[in-house]
Amino acid sequence: MQATAAAFLARPHPRLLRIGRWGPDGIALVRGGIVALPPRLRGPRCSVSLAIGGGAGASEDRGFSYEHVPVFPRYRIRDPYKLLGVDRDASEEEIRSARNFLIQQYAGHEPSEEAIEGAYEKIIMKSYQQRKKTKINLKTKLKKRVEESPSWVKALLGYFEVPSMDIISRRLFFFAFIAGWSIATSAENGPAFQLAISLFSCIYFLNDKMKNLLRASTTGFGVLVGGWIVGSLLVPLIPTFIIPPSWSLELLTSLVAYIFLFLGCTFLK
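Taking the UniProt record's numbering, I'd label the letters of the sequence shown as residues 1 to 269.
Written out as structure tokens, the structure reads:
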């Protein structure tokens with residue numbers, strides 16, 4: 001019997017661990033032999049890996065975390081407007097606010113976040129395509145109207161062009177400054193000096209486009225004369241109670257001329 005027990009203890013056991021470590025079946029190696037712990041003292045087996053990061057338990061971790069975060073109840077709805085809970089005529093600000101609110105409420109649940117982001121992108125893209133289509137249709141309609149207009153209208157429109165907004169804004173600021181300067185000095189003297197500056201500026205802008213100084217000078221002077229004539233006819237029709245007492249007839253006529261000079265040097269070819 002003693003020889004049999006000695007042989008059993010000398011045989012290596014596949015489940016033996018080092019001293020102080022517990023085996024998965026509750027078996028421990030202590031000095032003097034093997035002790036099998038009772039079932040009530042054995043540690044419970046964990047069916048879900050709690051390791052952080054990648055590896056075999058990554059998918060289990062993700063699935064486990066979903067049990068502790070709120071799930072968006074409409075994340076399977078295909079209609080992006082119903083999913084976000086907004087009307088079809090809602091503004092971009094309202095759509096963006098709804099998206100931000102839902103993202104904050106259901107942060108952590110990846111399918112819900114993806115559904116909310118996808119619905120927001122679909123609505124914004126659809127809105128952009130509609131605006132682009134509207135602009136194209138408007139441009140096509142205007143082009144069609146011009147093509148169907150009489151020959152004299154086509155010839156008249158051939159003398160005009162629409163520059164960039166940067167050019168329009170800069171020239172508008174320049175002539176607005178000239179007009180303000182004329183108003184500020186109207187009590188001291190007339191706007192003759194400001195009119196001369198605006199005329200030379202108009203000729204300079206026209207020559208930059210026409211590359212012909214004689215033609216630019218003739219056009220600029222004609223625009224000034226036309227503006228002065230129109231101003232002389234329109235100013236007497238303005239009710240006197242809306243005009244400041246310090247504004248003379250010459251000043252009001254020059255303001256109309258500034259408008260014509262701005263339009264001429266900006267939109268004439």
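No residue lacks a Cβ here, since even glycine has one placed at the ideal position from N, Cα and C.
Inset, instruction - Determine the direct distance from the alpha carbon of phenylalanine 177 to that of serine 117, and round the result to whole angstroms. - result: The question names serine, but residue 117 in the sequence shown is glutamate. So the two alpha carbons sit approximately 48 Å from each other.
Legend entry - Candidates Gly85, Met125, Tyr159: closest to lysine 269 by CA position: Tyr159
Legend entry - Where phenylalanine 101 falls: helix, strand or coil (DSSP): helix
Inset, instruction - Rank Val86, Ile259, Glu110, Asp79 by C-alpha distance to the C-alpha of glycine 231 and give the top, closest one. - result: Ile259
Legend entry - alanine 257 burial status per 10 Å Cβ neighbour count (16 or more: buried): buried
Inset, instruction - Check whether the stretch 107–116 touches the stretch 69–77, taking contact to mean three or more Cβ pairs, one atom from each stretch, closer than 8 Å. - result: yes
Inset, instruction - Have a look at alanine 90 and methionine 125 and give me their C-alpha separation to the nearest angstrom. - result: 14 Å
Inset, instruction - Under 8 Å Cβ to Cβ from glycine 226, same chain only, skipping five residues before and after it: list those, please. - result: Phe260
Legend entry - Cα-Cα separation, serine 254 to leucine 195: 7 Å
Inset, instruction - Taking asparagine 189 as the reference, give the member of Ser248, Asp87, Arg96, Phe175 with the closest Cα. - result: Ser248
Legend entry - Cβ-heavy atom distance, phenylalanine 174 to the ligand MN, below 7 Å: For the structure depicted, the ligand MN is absent and the ligand set is empty, with no information on it obtainable.
Legend entry - Start and end residues, alpha helix (DSSP H) containing aspartate 208: 192–210
Legend entry - Check whether alanine 119 and leucine 84 have beta carbons under 8 Å apart: yes
Legend entry - Backbone CA spacing between phenylalanine 241 and lysine 209 [nearest angstrom]: 42 Å
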